[in-house]
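Numbering (UniProt numbering), first residue to last: 1 to 88. We treat Cβ as the ideally placed atom computed from N, Cα and C, and that holds for glycine. Predicted, not measured: the structure shown is a model, and the values here were computed from it. Since the structure comes first, as structure tokens, the remarks are kept for the end.
Laid out in structure tokens, this is it:
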């Protein structure tokens with residue numbers, strides 16, 4: 001495959017930029033499965049309907065594929081990522 005532009009390599013390891021993260025928290029736009037609870041209680045029910053879990057994971061894997069396309073990812077690392085996604 002001929003590259004049209006130099007590789008773009010993502011460097012953000014956070015959920016999203018800090019200002020966007022603050023806005024999403026402030027406006028309650030965080031998906032329930034994204035939340036990390038600070039105090040886990042023993043009686044807390046973490047069971048989720050399979051459809052909700054599937055939609056969440058499918059959405060996140062789509063974002064990974066989009067990033068791979070933008071970054072023109074190829075090679076062993078890209079193949080490994082796609083194999084994990086296909087396993088789902």
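Rounded to whole angstroms, the Cβ separation of residue 85 and residue 64 is 7 Å, and the two are in contact under 8 Å. Closest by C-alpha distance to residue 16, out of 67, 80, 79 and 48, is 67.
For residue 66, the enclosing alpha helix (DSSP H) begins and ends at 50-70. Distance from the Cα of residue 49 is smallest, within the candidate group 69, 76, 32 and 70, for 32. Per DSSP, reduced to three states, the secondary structure at residue 13 is coil, with no helix or strand assignment.
In the DSSP assignment, residue 32 falls outside any alpha helix (DSSP H), carrying neither H nor E.
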